[in-house]
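Quick note on numbering: my numbering labels position 372 of the first sequence as 768, and the sequence is numbered without any gaps.
Beta carbons are placed, not taken as given, at the ideal position from N, Cα and C, and that holds for glycine.
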Amino acid sequence: MKVYNTLSRSKEEFVPLTPGEVRMYVCGVTPYDFSHIGHARSAIAFDVIRRYLRFKGFRVTFVKNYTDVDDRIIRRANERGVEAREVSEQYIAEDQKDMASLGIVPPDVAPKATEHIPEMLRLIEALVAGGFAYVVDGDVYFEVRRFPAYGKLSGKNLEELLAGARVEVDERKRDPRDFALWKGAKPGEPAWASPWGPGRPGWHIECSAMAMKYLGESFDVHGGGEDLIFPHHECEIAQAEAVTRRTFARYWLYNGFVNMGAEKMSKSLGNTLNIRDLVQRHDPEALRLFLIGTHYRSPVEFTDEGVRERARALERLRRMPLEAARLGASGAGGPDGGLPATLATARAAFAVAMDDDFNTPQALGVLFDLSRTLYAYADLVGRGERAVQPFVEGVSVLVALANALGLLERTPAGAEGPADVRARVGTLVRERDQARKRRDFTRGDALRAEIDRLGWSVEDTPSGPRIAPKTGG
RNA sequence: GGCGGCGUAGCCAAGUGGUAAGGCGCGGGUCUGCAAAACCCGUAUUUCGUGAGUUCGAUUCUCACCGCCGCCUCCA
397 MKVYNTLSRS KEEFVPLTPG EVRMYVCGVT PYDFSHIGHA RSAIAFDVIR RYLRFKGFRV
457 TFVKNYTDVD DRIIRRANER GVEAREVSEQ YIAEDQKDMA SLGIVPPDVA PKATEHIPEM
517 LRLIEALVAG GFAYVVDGDV YFEVRRFPAY GKLSGKNLEE LLAGARVEVD ERKRDPRDFA
577 LWKGAKPGEP AWASPWGPGR PGWHIECSAM AMKYLGESFD VHGGGEDLIF PHHECEIAQA
637 EAVTRRTFAR YWLYNGFVNM GAEKMSKSLG NTLNIRDLVQ RHDPEALRLF LIGTHYRSPV
697 EFTDEGVRER ARALERLRRM PLEAARLGAS GAGGPDGGLP ATLATARAAF AVAMDDDFNT
757 PQALGVLFDL SRTLYAYADL VGRGERAVQP FVEGVSVLVA LANALGLLER TPAGAEGPAD
817 VRARVGTLVR ERDQARKRRD FTRGDALRAE IDRLGWSVED TPSGPRIAPK TGG
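Here it is in structure tokens:
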């Protein structure tokens with residue numbers, strides 16, 4: 397299996413530190429607002445990576461943090477006249493709901509920065525003791541010059557960084573490139589006691605401290621959105637490796653951004669694409685299919701039409717298990733038409749695609765190829781020309797592969813609707829069936845229209861009507 | 001200015017030094033009371049942004065150019 401490692405800017409053979417086991421850390425959100433489409437993409441990208449590693453048989457330890465102390469949280473809290481903690485706790489809860497709605501497997505550990513102050517203090521103390529950090533009026537800064545490897549992840553050198561006009565000059569820092577490990581308390585800000593007086597941690601130190609706490613000084617995968625490469629992860633590496641002198645994370649994986657095109661995410665009017673709104677108007681699995689239809693490292697342009705298009709494609713896959721249930725009961729025998737061999741080929745092709753830096757678009761191509769093969773086979777089963785058992789097995793293969801991508805895991809939430817509607821649909825379907833038997837098609841079509849209005853579709857098959865809640869679109 | 005990426009059919013999107021997966025859409029057909037779903041056939045061979053080069057051969061490598069985008073201490 398190969399993965400693209402940003403550290404080396406190349407695809408590398410993936411070899412975990414401990415055979416059969418993968419330890420990974422992904423940067424989570426700063427909870428000061430609802431999570432948005434960009435967070436969804438990152439979450440889904442790493443969810444797929446995690447699921448596939450599991451599918452391959454690795455034992456995966458997955459850590460995703462919450463940065464629950466931050467300028468934006470404090471600002472939001474001040475606006476509302478509440479404690480910062482109240483803001484962060486609220487949006488952590490909202491994020492967890494959103495992640496669940498997207499079918500994200502919860503992390504094994506979801507550490508919060510504020511609950512790891514002692515770990516951070518210990519790390520900062522070690523950096524100060526080692527001569528990598530210095531104290532100025534209650535602030536502690538990392539001295540970038542003392543860590544020559546600074547820049548190795550982002551491909552920057554120290555001179556270029558100095559040339560960058562956007563570096564804010566702070567006279568108290570020995571070098572403009574130095575960054576804060578600890579910020580002395582200002583009035584109205586949350587603060588913790590430290591050897592340098594009350595204050596709060598800098599942005600980067602939490603991830604170094606928490607990753608090492610839960611995954612060890614050296615672990616396999618560190619990921620996040622590509623914007624985190626610099627400065628965040630560059631600083632994490634400096635903080636950790638200066639102290640441990642060991643490789644912090646070995647493979648650095650980044651997802652690309654979601655672009656909004658003309659409809660830029662404007663905070664002004666209603667088109668902020670937060671996950672809460674998105675799953676209102678789209679099937680979450682269609683959204684997932686849309687996002688993984690582009691390779692995780694490439695930018696993707698979000699459009700509602702694009703998601704609706706994927707919803708239609710998703711239907712092809714969703715019908716597969718229904719077809720298996722319908723035909724499976726027949727127990728029909730016959731030749732297998734070489735289907736078992738095709739299934740093995742599909743499995744292998746899926747693995748080839750995913751083993752190549754998680755090439756989900758290619759893997760999806762394999763799934764759709766397989767579904768067409770299976771439907772064609774199903775037609776022959778319907779005509780009594782093929783055995784049904786290989787088909788049922790084929791569908792279970794398809795579902796297993798789809799599950800490795802987080803697809804076909806569940807029906808859309810609430811798609812079945814309220815029980816009374818369900819009962820009403822059932823009645824109408826029976827009435828329609830009887831009308832059709834009388835060849836009263838006018839009545840039958842009217843009933844179908846009514847069923848349609850209730851949000852269900854009815855299709856006639858040789859073995860009777862098949863009903864399903866309408867999804868997608 | 002520095003670093004990096006992208007430009008493939010109507011739309012989305014993989015991919016390979018030897019002549020282009022898949023999805024959506026569209027056209028034709030089979031099936032159906034009609035549909036729907038499914039299946040079959042077709043849908044980039046003056047071609048993979050433009051020009052030049054390397055090569056027996058390039059969409060795939062090199063260079064230039066055009067267009068678009070990301071990062072350079074808010075940011076998934």
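What residue range is occupied by the uninterrupted alpha helix (DSSP H) comprising residue i?
| i | result |
| --- | --- |
| Arg447 | Ile433 to Phe451 |
| Gly840 | Phe837 to Arg849 |
| Met750 | Leu735 to Asp751 |
| Arg715 | Asp700 to Gly724 |
| Ala728 | Careful: Ala728 lies outside any alpha helix (DSSP H) and carries neither H nor E. |
| Pro786 | Gln785 to Ala800 |
| Tyr487 | Ala480 to Ser497 |
| Pro680 | Pro680 to Ile688 |
Smallest Cα separation from residue i: which of the options?
| i | options | result |
| --- | --- | --- |
| Tyr448 | Trp852, Asp848, Ala800 and Glu805 | Ala800 |
| Thr769 | Gln758, Gly734 and Met750 | Gly734 |
| Asp504 | Gly595, Arg541, Val478 and Tyr421 | Tyr421 |
| Gly621 | Pro594, Leu649, Cys603 and Ala607 | Leu649 |
| Leu713 | Gly761, Gly724, Thr738 and Ala740 | Gly761 |
| Glu697 | Asn655, Asp467 and Ala728 | Asn655 |
| Arg481 | Met397, Gly790, Pro586 and Asp841 | Pro586 |
| Asn670 | Glu855, Phe410 and Met495 | Met495 |
| Met606 | Val791, Cys423 and Glu781 | Cys423 |
| Tyr692 | Asp443, Pro427 and Pro861 | Asp443 |
| Ala744 | Gly551, Val817, Ala759 and Arg419 | Ala759 |
| Pro814 | Val675, Leu850 and Val418 | Leu850 |
| Pro736 | Ser614, Asp464, Asn474 and Gly790 | Gly790 |
Could you give the residue range of the beta strand (DSSP E) that holds residue i?
| i | result |
| --- | --- |
| Tyr647 | Ala645 to Asn651 |
| Phe538 | Asp535 to Phe538 |
| Tyr400 | Lys398 to Asn401 |
| Glu409 | Ser406 to Glu409 |
| Asp574 | Neither: Asp574 is in no beta strand (DSSP E) and is coded neither H nor E. |
| Gly761 | From DSSP, Gly761 is part of no beta strand (DSSP E) but of the alpha helix (DSSP H) over Thr756 to Gly778. |
| Asp616 | Phe615 to Gly621 |
Taking all protein chains shown into account, decide if residue i is buried (16 or more other Cβ within 10 angstroms of its Cβ) or exposed.
| i | result |
| --- | --- |
| Asn651 | buried |
| Leu718 | exposed |
| Arg541 | exposed |
| Ala561 | At Ala561, the pLDDT of 49 sits below 50, so the modelled position is not reliable; the number obtained from the coordinates is stated separately. Under this definition Ala561 is an exposed residue. |
| Asp491 | buried |
| Ser590 | buried |
| Pro412 | buried |
| Asn461 | buried |
| Ala525 | exposed |
| Gly727 | exposed |
| Arg828 | buried |
| Lys582 | exposed |
| Ser484 | buried |
| Arg835 | exposed |
| Lys569 | buried |
| Lys579 | buried |
| Arg782 | buried |
Based on the DSSP secondary-structure assignment, which residues constitute the bridge partners of residue i?
| i | result |
| --- | --- |
| Val414 | First, the amino acid is wrong: residue 414 is Thr here, not Val. DSSP, once it has assigned bridges, lists Glu417 as partnering Thr414. |
| Arg862 | Glu855 |
| Ala529 | Phe538 |
| Pro597 | Trp578 |
| Tyr462 | Lys508 |
| Val825 | DSSP, once it has assigned bridges, lists no residue as partnering Val825. |
| Val422 | Lys460 and Gly619 |
| Glu697 | Asn655 |
| Asn670 | His432 |
Counting pairs of beta carbons, one from the region 672-689 and one from the region 428-446, are three or more of them closer than 8 Å? Counting Cβ pairs under 8 Å, three or more are found: they touch.
If you pair each beta-carbon of the region 637-657 with each one of the region 496-510, do three or more pairs fall below 8 Å? Segments in contact, no.
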